[in-house]
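Trainee: Mind looking over this structure? Questions follow.
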């Protein structure tokens, strides 16, 4: 076992998740690299010290440059707002340090291209934090598709739907300002990443991006909403499959509607993150009277499940996805081999988002390769 000093930039929701993951990944997966929580960075000295004490880091700072340049910090996790990602990543890669960056990779496609260029020029390990496709069930779905278990893929339907802004009287916040914080910047990248990971590259698309609640109340009146509430996208994959995706933060009743259906010539797959420990599989084999989808509960036979639990059907949770992600990041560092999704894969997601927004504005089909 070899110790590796970890620095995490951002101490809030995702900063905590990554801190817990790095503290426990060695015990869960018996990794060759064992993280040391070296330094955490937050927006103020007080908040940084509070996070340090709560999460168990050795040191704290309010200046990300101090963290990046510290020789004891050997690998970096970026869990700060999107507009900060590029500068931090470029500085880390200039020092040859591995980086895992929360999604989306950059605040826009230009940032993503620059970050990918810096990552590949450095040769350092790089990953993007798309955690949902790392559930044992969705890893199993990827395996089934890759093995041809449901034949040639003909159709994909995906959604990432939540309802945290379904109430039109919910107040304006930072989430209602700027496209990077809207549905296309926040929720859509997760399902686009799933589509790319499960089915493959997207050749062309047509999209509609819409703001339903155009103003939100504030303490002094109302504020204009400058980003989108929901969007839909029809697409054609490189392999010929048709697809449709829907993204929403106003989907009343949906709490974690990260769901997909995959139709093939020999069967089909269904998955819903609100029931993340199960997958529904249909195969055309067998007698007609026994035909139908069957529910498969994840267990030790499925990817990355056994290190957490030996009991089938007992299940894994959200935090476990981040621990799996940490394991993969450490594996990329140890083996010096790319582990999906890399920065280039994250850039591809941003490219689809940019194409979808442009398609909505121009009201026509667009080829993704032009972005």
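In the working numbering, the protein residues as written are 1160 to 1530. In this text, a Cβ means the ideal position worked out from N, Cα and C, and glycines have one as well.
Using a Cβ-Cβ cut-off of 8 Å, state whether residue 1236 counts as contacting chain C.
Mentor: The displayed structure is made up of one protein chain only, and chain C is not part of it.
Trainee: Using the rule of at least 16 other Cβ atoms within 10 Å of the residue's Cβ for burial, across every protein chain shown, is residue 1170 buried or exposed?
Mentor: Result: buried.
Trainee: In this structure, does DSSP put residue 1435 in helix, strand or coil?
Mentor: In the structure shown, residue 1435 sits in coil (DSSP, three-state: anything other than H, G, I, E or B).
Trainee: Mapping DSSP to helix, strand and coil, what is residue 1359?
Mentor: Three-state result, residue 1359: coil.
Trainee: Quick check on the DSSP output: the alpha helix (DSSP H) that includes residue 1228 runs from which residue to which?
Mentor: Segment 1223–1228, the alpha helix (DSSP H) holding residue 1228.
Trainee: Classify residue 1531: buried if its beta carbon has 16 or more other beta carbons within 10 angstroms, exposed otherwise.
Mentor: Any answer about residue 1531 is impossible in this case: the structure gives the chain only from 1160 up to 1530.
Trainee: Residues bridged to residue 1258 by DSSP?
Mentor: Looking at the DSSP assignment, residue 1258 forms a beta bridge with 1235, 1285.
Trainee: Tell me which same chain residues have a C-beta within less than 6 Å of the C-beta of residue 1406, skipping the five on either side of it?
Mentor: The residues are 1319, 1342, 1346, 1347, 1390.
Trainee: State the Cα-Cα distance for the pair residue 1355 and residue 1250, rounded to the nearest angstrom.
Mentor: In a straight line, the C-alpha of residue 1355 is about 29 Å away from that of residue 1250.
Trainee: Can you list, in chain order, the residues of its chain whose CB lies under 8 Å from that of residue 1462, leaving out five sequence neighbours each side?
Mentor: Same-chain partners within the cutoff: 1295, 1298, 1299, 1302.
Trainee: Does DSSP put residue 1493 in a helix, a strand or coil?
Mentor: Note: residue 1493 maps to helix in three-state DSSP.
Trainee: Can you tell me whether residue 1364 is buried or exposed, with buried defined as 16 or more other CB within 10 angstroms of its CB?
Mentor: Result: buried.
Trainee: Under a three-way DSSP split, which group does residue 1164 fall into?
Mentor: Strand.
Trainee: By Cβ distance, which residues of its chain are closer than 6 Å to residue 1474, with the 5 residues on each side in sequence left out?
Mentor: Cβ within range, chain order: 1436.
Trainee: Return the first residue and the last residue of the alpha helix (DSSP H) that residue 1301 is part of.
Mentor: First-last of the alpha helix (DSSP H) with residue 1301: 1295–1306.
Trainee: Leaving out five residues on either side along the sequence, give the residues of the same chain with a beta carbon under 6 Å from the beta carbon of residue 1236.
Mentor: Cβ neighbours of residue 1236 beyond the five flanking positions: 1167, 1177, 1259.
Trainee: Assign residue 1196 to one of three DSSP states: helix, strand, or coil.
Mentor: Residue state, collapsed to three classes: strand.
Trainee: Measuring alpha carbon to alpha carbon, tell me which of 1340, 1261, 1524, 1161 ends up nearest residue 1324.
Mentor: With distances taken between Cα atoms, residue 1324 lies closest to 1340.
Trainee: Decide if residue 1386 is buried, meaning its Cβ has at least 16 other Cβ atoms within 10 Å, or exposed.
Mentor: Flag for residue 1386 reads buried.
Trainee: Measure from the alpha carbon of residue 1492 to the alpha carbon of each residue in 1215, 1266, 1226, 1257, then state which is nearest.
Mentor: Among 1215, 1266, 1226, 1257, the Cα nearest to that of residue 1492 is on 1257.
Trainee: Run through the DSSP bridge pairs and tell me what residue 1314 is partnered with.
Mentor: According to DSSP, residue 1314 bridges with 1401, 1422.
Trainee: Return the bridge partner residues of residue 1242 from the DSSP annotation.
Mentor: Looking at the DSSP assignment, residue 1242 forms no beta bridge with any residue, so it has no partner.
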